[in-house]
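All residue numbers for the sequence shown refer to the UniProt record's numbering, where the first residue is 1 and numbers rise by one. Ideal Cβ placement from N, Cα and C applies to all residues, glycine included. Heads up: the structure comes next, in structure tokens.
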Amino acid sequence: MADIRNNFVGIKSPNPFWLASAPPTDKAYNVVRAFKAGWGGVVWKTLGEEGPPVVNVNGPRYGAIWGADRRLLGLNNIELITDRDLQTNLREIKQTKMEWPDRAIVVSLMVPCVEEAWKAILPVVEETGADGIELNFGCPHGMSERGMGAAVGQVPEYIEMVVRWCKANTRMPVITKLTPNITDVRKPARAALAGGTDAVSLINTINSITGVDLDNFAPMPTIDGKGSHGGYCGPAVKPIAMNMVAEIARDPETAGLPISGIGGITTWRDAAEFMALGAGNVQVCTAAMTYGFKIVQEMIAGLENWMDEKGHKSLDDIVGRATPNVTDWQYLNLNYVAKAHIDQDACIKCGRCHIACEDTSHQAITSMLDGARHFEVIEEECVGCNLCVNVCPVDGCITMEPLAVGAMDKRTGKPVSPHYANWTTHPNNPMAKVAAE
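Encoded structure:
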């Protein structure tokens, strides 16, 4: 059987599935239940400095986006960091680590952006026996207005500075959690690396408003007639998160920097995709909040079964395997040609492919043949966009079939070239001539 034991910057866990810093990791009770269910590790909900705890709202804390079947696609969260006393959290972290020595416990931290505040909290966290710390530079609401969270994560110079403080004052591995609320995620990742971080984790939540109550005209969730922006998470953010993970993994300046992947991970396949793009492990929140802690058992079994089926012996066999295949648009092969093909036996004649193509694409699918409903690709018009594949309700009914080298592309009237060609050398590219000269 595949070995899914994980060693992330020296932090060992029986599997790569950790719970992210969030309500599910706010106290020992939850964390112990998670470990009993099979989670490999947790990132304890963000601790603040000694003193009066942070105050959270007492009303609704979540907004939601659902699919047509009421399946939860995304959560908007306006909750802040832990509102439990620091010493209570520290005692529970220490006790839980003693009772579960084989599980990873990383502590998320957020204190004011001054060196003394970090120097004060690091030794008391280290004394708990925690395996590492995660610097919360991502929270987009509440704490950012106080000069913490995303307010730090959006300024690479601040990131580098705080990471340096932490590396100079603790033996624990430092994981820097990055905000997605930034133009280019590579810049904060580079700054964290320059500061000496052991790893980065991403993404934190995306700034959002998920809905408006059209009776009261207030954003949701609504607190006494008012609403606020919050952090968006869940399956809907997965594509954004994977792109950012890949950007860091393939950036020459940060290549090799360990990454803990976060963002919409719900199944073993999601986790495998993140790891293939360069993540050394994954963190999960919304899926656990939606389906409960035992969902990890499906993740573990699914990952092991897939790895066995494909002959992957350990996580090292899959981590980063897809990274070299992520490229910029300008390097895509313009001589690759594919056409849509409709399996007539599988077709239910709903017509969605036709109407999508007819109204919004390239008029490349018939609707009638000899007076009867019949949907077939018109190769002379098909550009291979695969819109029809994505709107078809029958899995596998429409597929994209590449044309063989030398085959005639009926749309262009030219044979498929055996040579690789991209936009950088295309005659229509005004920069191609400049580059050649």
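Secondary structure of residue i, DSSP reduced to three states
i: Glu358; result: helix
i: Cys388; result: helix
i: Thr266; result: coil
i: Ala436; result: Since pLDDT at Ala436 reaches only 48, below the 50 mark, its modelled position is unreliable, and the value read off the structure follows with that caveat. Helix.
i: Val245; result: helix
i: Asn89; result: helix
i: Asn6; result: strand
i: Pro239; result: helix
i: Tyr62; result: strand
i: Leu334; result: coil
i: Val377; result: strand
i: Lys12; result: strand
i: Lys410; result: coil
i: Trp329; result: helix
i: Met1; result: coil
i: Met98; result: helix
i: Pro53; result: coil
i: His426; result: coil
i: Ala255; result: coil
i: Ala168; result: helix
i: Pro415; result: strand
i: Ala271; result: helix
i: Ala68; result: coil
8 Å Cβ shell around residue i - same chain, five flanking residues per side excluded
i: Ala241; result: Pro180, Leu202, Ile203, Gly261, Ile262, Gly263, Gly264, Phe274
i: Glu126; result: Thr170, Arg171, Met172
i: Arg321; result: Ala276
i: Glu298; result: Thr267, Trp268
i: Leu332; result: Asn422, Trp423
i: Gln363; result: Cys357, Ile378, Glu381
i: Val319; result: Met275, Ala276, Gly278, Ala279, Gly280
i: Pro393; result: Ile348, Cys350, Arg352
Beta strand (DSSP E) segment containing residue i, residue limits
i: Pro402; result: 398-402
i: Trp118; result: That residue, Trp118, is in no beta strand (DSSP E); its alpha helix (DSSP H) goes 115-126.
i: Gly41; result: 41-47
Whole-number beta carbon distance between residue j and residue i, since they are thought to touch under 8 Å
i: Gly132; j: Gly153; result: Actually they are not in contact, since the Cβ atoms of Gly132 and Gly153 sit about 18 Å apart, beyond 8 Å.
i: His141; j: Ser228; result: 6 Å
i: Thr210; j: Gly63; result: 4 Å
i: Ile81; j: Thr46; result: 4 Å
i: Ala199; j: Ile182; result: Actually they are not in contact, since the Cβ atoms of Ala199 and Ile182 sit about 18 Å apart, beyond 8 Å.
i: Leu135; j: Lys177; result: 6 Å
i: residue 438; j: Met1; result: Nothing in the structure corresponds to residue 438, since the chain is present only between 1 and 437.
Sheet register partners of residue i (DSSP bridge)
i: Gln154; result: The partner list for Gln154 (beta bridge, DSSP) is empty, contrary to what the question assumes.
i: Glu134; result: Ser108, Ile175
i: Ala340; result: Met400
i: Gly231; result: Asn77, Asn207
i: Ser260; result: Ser201, Asn281
i: Asp213; result: Ala218
i: Lys226; result: Ile223
i: Ser21; result: BP columns for Ser21 are empty, so no partner.
i: Thr365; result: A small correction: the amino acid at residue 365 is Ile; Thr does not occupy that position in the sequence shown. Bridge partners of Ile365: Val377.
i: Ala372; result: Leu369
Contacting residues, own chain, Cβ-Cβ under 6 Å from residue i (five flanking each side not counted)
i: Ala279; result: Val245, Ile259, Gly261
i: Ala407; result: Val416
i: Ala435; result: Annotation note: pLDDT 47 at Ala435 (below 50); position unreliable, coordinate value reported separately. Contacts found: none.
i: Lys294; result: Ala37
Endpoints, the alpha helix (DSSP H) within which residue i is located
i: Trp306; result: 295-310
i: Asn30; result: 28-37
i: Gly195; result: 186-195
i: Met289; result: 286-291
Other residues of its chain near residue i: CB distance less than 7 Å, five sequence neighbours each side excluded
i: Ile105; result: Gly41, Val42, Trp44, Ile93, Thr96, Lys97, Ala130, Asp131
i: Asn281; result: Asn6, Phe8, Pro16, Trp18, Ser260
i: Val32; result: Thr96
i: Leu303; result: Ile4, Trp268, Ala271, Ala272
i: Asn216; result: Thr222, Gly225
i: Ile65; result: Leu73, Gly74, Thr210, Ala236
i: Cys388; result: Ala340, Cys353, Ala356, Cys357, Ile365, Ile398
i: Glu247; result: Val185, Arg186
i: Met368; result: His374
i: Pro252; result: none
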